[in-house]
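There are 2 protein chains.
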Amino acid sequence: MKTLIIVAHPQLADSATQAFLKAGAQLPDVTWHYLDERQSINVAAERQLLLVANRVILQFPLYWYSAPAILQIWEEQVLQVKGSLAGKELGVVVSTGVKAEAYQAGGAEQFTISELLRPFQALTHKLQMTYLQPFVLSQFAHLSESAKQRLFIAYQQYLTLSVSAAFSERESWFVERLKRMIAAKPELKDRVTLILEQLETQQEQLDELQWTLQMMKASENDDE
Amino acid sequence: MKTLIIVAHPQLADSATQAFLKAGAQLPDVTWHYLDERQSINVAAERQLLLVANRVILQFPLYWYSAPAILQIWEEQVLQVKGSLAGKELGVVVSTGVKAEAYQAGGAEQFTISELLRPFQALTHKLQMTYLQPFVLSQFAHLSESAKQRLFIAYQQYLTLSVSAAFSERESWFVERLKRMIAAKPELKDRVTLILEQLETQQEQLDELQWTLQMMKASENDDE
């Protein structure tokens, strides 16, 4: 799967969040593409990028409950309602400066992120694309190191994993990643191999459990 | 009451809708203010306009389910969260090219205009302003002449009438307007005077009816 990330952030150089996400986007088949306000948009080039992607990610900080103006300009110039994007996926990666709980009825921001992003959901529907659940980063600067590590993995999975990925696929994704890590850094081999063995044991147990559940379900159906 | 209309429309000269609305905005205490994309925004002047207004109207066509980029630029540069706009009213006048029924669950556009405008409602809440119900123009070009006339009056009332205006106040507003019409065009006097008399008779009947209702309510309360 090919993923295209459209980054709209007027102060990119000052954004620790975007630097973190850019590091996460260094993956095969993932294109990180910045919309520079100082340059005019090359409409043909933008459309070509969209055409070869299977998943399109719009990535931006929330400015007045919407995307920065540059993304709106990009939409006005690049998007067409012609079915050329039909069947592709659209995801929104949005960062906010306030805590996640503020975005709910009665909270400081009154509305959920899902509600505020309705224009993007409507646009996805119009283009006959599939809308992915938004990936939200709240108060990134306040996160602990371990929370950032979990976020890093979750972001990479958001960019690359199929939407219907079951728990077992998410685990396989992780195993694959660890194996690549051993190949790249042999000195980590002993530590990583131990983690791998644990994961594979868990995977076998999980498979057994699922098989048992299926059998139980089958026998229940027999009883009916 | 002073009303400020912020107009965001990249193709203003080609818009029959905006020309119609501009004609409607020729009223005392109403300022029609166009955001020209070719000029940079004078932030101090924009803030001054906001400060003297009691009601701020954001007026634009829906582009990809949001406002044109120029309005987002204006928001980013001009708005501040400092309470300087607290207590003022904010209304959205939005034009769409598709029929009104398309904006609902299961409809062609999937979401209501209210849902798509959540970012503006959230912004209004953040600025401690009062959100007016949106004024929506759907497929303006397809409207009959009489529908356009009704829309013209409704738009002028949206710009100038208090939110809590009861039916009787709306009628007084209309009477006031007719009287001014006679002053400006004496040749219409006979026809307009007839309409005025009818309206005033209706108003008296309405007043009587309301008085009767109040008496009935009062006697009900006595019984309790």
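Going line by line, the protein sequences match chains A and B.
According to the UniProt record's numbering, the first sequence is numbered sequentially starting from 1.
According to the UniProt record's numbering, the second sequence is numbered sequentially starting from 1.
We treat Cβ as the ideally placed atom computed from N, Cα and C, and that holds for glycine.
Q. Quick one: is Ala100 of chain A near chain B, going by C-beta distance under 8 angstroms?
A. no
**Q.** As assigned by DSSP and simplified to three states, the class of Pro186 of chain A
**A.** helix
Q: Run the CB neighbour count on Pro186 of chain A, radius 10 Å, all protein chains shown included, and call it buried at 16 or more, exposed below.
A: exposed
Q. Whose CA, out of A:Thr17, A:Val7, A:Arg191, A:Ser40, lies closest to the CA of His33 of chain A?
A. A:Val7
**Q.** Within chain A, the residues that Asp66 of chain B reaches when beta carbons sit closer than 7 angstroms
**A.** Note that residue 66 of chain B is Ser in the sequence shown, not Asp. The answer, in chain order, is Ser66, Gln72, Pro119.
Q: Measure the C-alpha to C-alpha separation of Trp211 of chain A and Ser162 of chain A and round it to an integer number of angstroms.
A: 23 angstroms
(Q) By the three-class DSSP mapping on this structure, what secondary structure does Gln59 of chain B have? (A) strand
Q: Identify the contact partners of His125 of chain B in chain A, using a Cβ-Cβ distance below 8 angstroms as the criterion.
A: Glu109, Gln110
Q: Locate the alpha helix (DSSP H) running through Gly106 of chain A, then write down its first and last residues.
A: Where Gly106 of chain A is concerned, there is no enclosing alpha helix (DSSP H), given that its DSSP letter is neither H nor E.
Q: Using a threshold of 8 angstroms, state whether the C-beta atoms of Val93 of chain A and Leu196 of chain A are closer than that.
A: no
Q: Name, please, each residue of chain B whose Cβ falls closer than 8 angstroms to the Cβ of Glu115 of chain A.
A: Glu115, Arg118
Q: Starting from Leu79 of chain B, find everything on chain A with Cβ-Cβ shorter than 7 angstroms and list it in chain order.
A: Trp64
**Q.** Residue range of the unbroken alpha helix (DSSP H) whose run includes Glu101 of chain B
**A.** No alpha helix (DSSP H) holds Glu101 of chain B; DSSP gives it neither H nor E.
Q) If Leu4 of chain B and Leu50 of chain B are in contact, beta carbons under 8 angstroms, what's the gap, nearest whole angstrom? A) 7 angstroms
(Q) In the DSSP output, what is Ser138 of chain B paired with across the bridge? (A) B:Thr96
Q: With DSSP as the reference, label Gly24 of chain A as helix, strand or coil.
A: helix
Q) Can you name the residues that DSSP bridges to Trp32 of chain B? A) B:Ile5
Q: For Glu75 of chain B, decide whether its Cβ has a neighbour in chain A, counting only Cβ atoms nearer than 8 angstroms.
A: yes
Q: Below 7 angstroms CB to CB, which residues in the same chain sit around Phe24 of chain A once its five sequence neighbours on both sides are set aside?
A: Residue identity check: residue 24 of chain A is Gly in the sequence provided, not Phe. Once the five neighbours on either side are set aside, the close Cβ partners of Gly24 of chain A are Phe152, Tyr155, Gln156.
Q. Ser66 of chain A to Ser114 of chain B, Cα distance in whole Å?
A. 15 angstroms
Q | Residues that Ala69 of chain A contacts on chain B, provided the C-beta gap is smaller than 7 angstroms | A | Ala69, Gln72, Ile73, Glu76
Q: Mind the definition here: the stretch 67–76 of chain B touches the stretch 30–47 of chain B only if three or more C-beta pairs lie below 8 angstroms; say whether that holds.
A: yes
**Q.** Ser114 of chain A in three-state terms, based on DSSP
**A.** helix
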